[in-house]
Amino acid sequence: MSCGQKVVAEEVLFNRAFLPEGSESLDLAPFQKGNAVLPGQYRADVFVNEQPIGRKNILFSPSEEGVLPCFTPQLLDELGVSPKSYLTPLGDPSCLVLPETVRGASATFNLQDLMLRVSVPQVALRRDAQGYVSPELWNRGTTAAIFGYSANATRNLKGNGQDSAYLSFDAGINLSHWRARHNGSVSWQPTDGAAYQALNTYLQRDLAGLKSQLTLGETHTTGELFDGLLYRGVQLASDDRMLPQSLRGYAPMIRGIARTSARVVIRQESNILREILVAPGPFVIDDLYSSGYGGDLSVTVIEADGSQQRFTVPYASVSQLLRPGVSRYSLTAGQLRNQYLDDPPNFTQATFQHGLNNMFTGEGGLQASDKYTALLTGVALNTQLGALALDLTQSKTRFVSGTEHGNTLRLLYSKSVLETGSYFTAASYWYSVTGAHNLNDASQRLQFEKNVLSSMDLASRMSRRVTLSANQQIGEWGQLGVSASSQWYRNTAGSDLQYQLSYSTRLGRVGLSLNANRSRQALGAMDTTYLLTANLPLAFGSTRNYAQLSARLARDAQGQLSEDLYLSGSAGEGNQYSYGVGLQRDGASGTSGTSWNGQYQGAKTSLGGSLSQGDDYATLGVSVGGSLVGHPKGLTLSPFRSDTIALISAKGAQGAEVVGFPGIKLDGQGNAVVPYLRPYELNEVGIDPRGASSSVDLNESSRKVVPTAGAVLAVDFATNSGRALLLTVHLADGSPVPFGATVSLAAGPSLGLVGQGGQLYARVPEGVDQVRVSWGREATQQCLMLLPAPDVGGSGLQSRNSLCTAVQP
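For the sequence shown, our numbering assigns the number 45 to the initial residue and increments by one for each residue that follows.
This is how it looks when you write it as structure tokens:
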């Protein structure tokens, strides 16, 4: 059955001869407008112009035209309708009729499939980038406290090793728009005792209008242009995660002209990245998803008459490239955090990057403290020959011995050739002979001078650095990789040099890799090492568990061979158990050993244990990890350590499993943590009712949510609890209750409808022993039914025959 808002349905007359036996007296008035939908709320899959939007709660309300879906401004926004297209004046904002709100729009509801199809003219829709999520849907979550932890301890059973213990943790509180965070660690050894290290302590909040994060406290700079710094102060920085997925990273803008209504197909090699219909005239496509390191794009414009035009758009990328019109910035002011400084300087830092067009991205930055200044200018380019980024940092430091000026030049390059499966990157850094300091180094030298110590030795300071890497796909034969790096130092002959050759392939089910590495430090001798690895998967068929046997043969610079053999795998229905067993032999020392380890991921924590032993050593280790979340409903434990989470709740559904996380079940209070949510994106969280009590039904099993960074979202799933009844309902004369009759509490909501042959399934609240059945407005079209007594000790479905007696006038 369906309902539409496009036209008024004509009244329909039913031939009662075709109704099931016993339904002749059924009141058909609600169905005679051509609309079989009863008023109420339905959980439906929503489509806009045949594109899926998601599952939403839709209220249906009676009107002169029948029972129609209610639209709200918020729902229309979620569907992508532009407020500029609204007809005025608006009706009741709690229940807008779609055709009366947006010209040319209509809605059709399929009751059988619970699908609401909405048709909206293209001109009335917002032009949103792919992956766009309205900031109106961003949810900062509930007030909560989080404590994530990871701890391990080792016990030396034999040999010269020491016992040790280590704990790292993330603690936080979410209150309104603000998030307080502290990251720290505690380490312990018998000789040194316990030592605590505070890593970061800060307050942070989103600024949605600026697509930025405001941070106060002790943390670090973004590290995008200047070297990353630890600081104590304030920072305002853009957050690319707030952009639609299709605007993150770099991809070129596609421009063209269509003679007719045309179809534009964008390909990268043989993959279709985007296909879109455009109107006659100029068109712009600026929301392609970034594809990593790029690869030229082939664009085909297919006109209405079948003719085609083709052109190629260069596409290569480095991290500094931004899309046309996209900006990235950071502003920082505070005090440098450096454990080697007695009196850390105050400093300010500003960086800005902006995509000028498909080819150019400009960038600049300023860093300043009392005696240090650095100015950075640069450009990134996307060309047919590859992507290039070049920047120059000019620094000035006022030392006691005099003012020093210096320059640092950085050059980055990358190129991907998809046709040949080739990828190449290069990076080079040049530092002037004197004065090329970063803020940390300059501050340390200033302290040395202040303490009347000799100036820092510049002999070991780097003057030049070059890194190269290339990867080549060799068809079915595998992949070949080459990398090299070299560093030169001031006042030092020679250079550090390292290069590596790697090859990987598959022989049947066996994965093979060979690595050869040569390295040299300054004037030292060249060292050469080799590593051969083979991996054989042992799992077969459709088993959920995996197992793998790995073998490793290594040759060190002295020609000594070492061998490892390792078996790893998982067990349990949800892979909650993992294990590893290994044999090792070290050629240099001539010793051999064995190792065993196992991990268990429970519903509330993860546990691990290990034992390693050899000829002259033996070590026992244990580990534990997870998180605790305090919230208005209590305390919930999780085996995962995650910053952005959902706290799902379903009253009475203890034991139900969290979708996507085998083994994670709702606890005794009906709560569970869903970790690893993606901030500012649509995330789907759900509950699998298997494992829950049969006395509870979930009204819905999944929900889409959009968390802000660090949020703890409270996601409540409505449930119906009570006895589950499957009854065959008869009247006093033995005939079945009419098909379609409504079953309701004496004074309350509807519990369901009677099916064919008087069949009724209903979830009845505890304590209810009688319900009303009605198939019309007259007293003769209603009856009362006594429910069977609950089964003693039973919690399953009760199946009975029941008598419905006439209502006394």
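Where a beta carbon is used, it is the ideal one built from N, C-alpha and C, also for glycine.
Check, Outcome
"Proline 83, DSSP secondary structure in three states", "coil"
"Cβ-Cβ distance between leucine 436 and leucine 420 below 9 Å", "yes"
"Length of the line joining the Cα atoms of serine 846 and aspartate 777", "13 Å"
"Asparagine 845 (DSSP reduced to helix, strand or coil)", "strand"
"Residue span of the alpha helix (DSSP H) that contains alanine 188, given as start and end", "It is not in any alpha helix (DSSP H) - alanine 188 instead sits in the beta strand (DSSP E) that spans 188-202."
"Leucine 291 - DSSP class collapsed to helix/strand/coil", "helix"
"Backbone secondary structure at glutamate 144 - three-state DSSP", "helix"
"Rounded straight-line distance, which links the Cα of proline 368 to that of glycine 253", "20 Å"
"Whole-angstrom distance between leucine 82 and arginine 685, CA atom to CA atom", "46 Å"
"Secondary structure of glutamate 407, DSSP reduced to three states", "strand"
"Which of helix, strand or coil DSSP assigns to glutamine 800", "helix"
"Unbroken stretches of the alpha helix (DSSP H), 4 residues or longer, contained in the region 434-506", "483-494"
"Cα-Cα separation, proline 809 to alanine 785", "20 Å"
"Whole-angstrom C-beta distance between leucine 142 and phenylalanine 104, which should lie under 8 Å", "In fact, because the Cβ distance is near 13 Å, the residues do not count as touching under 8 Å."
"Buried or exposed (CB count within 10 angstroms, at least 16 for buried), glutamine 279", "buried"
"Within 9 Å, strictly: CB atoms of isoleucine 310 and valine 343", "yes"
"Span separating the alpha-carbon of glycine 646 from that of histidine 675", "21 Å"
"Cα-Cα separation, serine 594 to leucine 545", "21 Å"
"Rounded C-alpha distance that separates glutamine 438 from glutamine 523", "41 Å"
"Among Asp711, Ile708, Val749, the one whose alpha carbon lies nearest that of tyrosine 724", "Val749"
"Limits of the unbroken alpha helix (DSSP H) element including proline 117", "117-122"
"Cα-Cα separation between valine 308 and valine 146, rounded to whole angstroms", "28 Å"
"Coil, strand or helix - lysine 128 by DSSP", "helix"
"Buried or exposed by the 16-neighbour rule on C-beta atoms within 10 Å, applied to glycine 110", "buried"
"Closest Cα partner of glycine 267 within the set Thr152, Leu483, Thr187, Ala151", "Leu483"
"Pairwise C-alpha distance: tyrosine 805 and cysteine 827", "17 Å"
"DSSP three-state assignment for tryptophan 232, whether helix, strand or coil", "strand"
"Residue range of the unbroken beta strand (DSSP E) whose run includes serine 334", "No beta strand (DSSP E) contains serine 334, which DSSP labels as neither H nor E."
"Beta-carbon spacing of histidine 449, glycine 406 below 9 Å", "no"
"Environment of glutamate 180 [buried if 16+ CB atoms lie within 10 Å]", "exposed"
"Residue burial classification, proline 165 (beta-carbon count within 10 angstroms, cutoff 16)", "exposed"
"In DSSP terms, what serine 667 is bridged to", "Asn196, Gly652"
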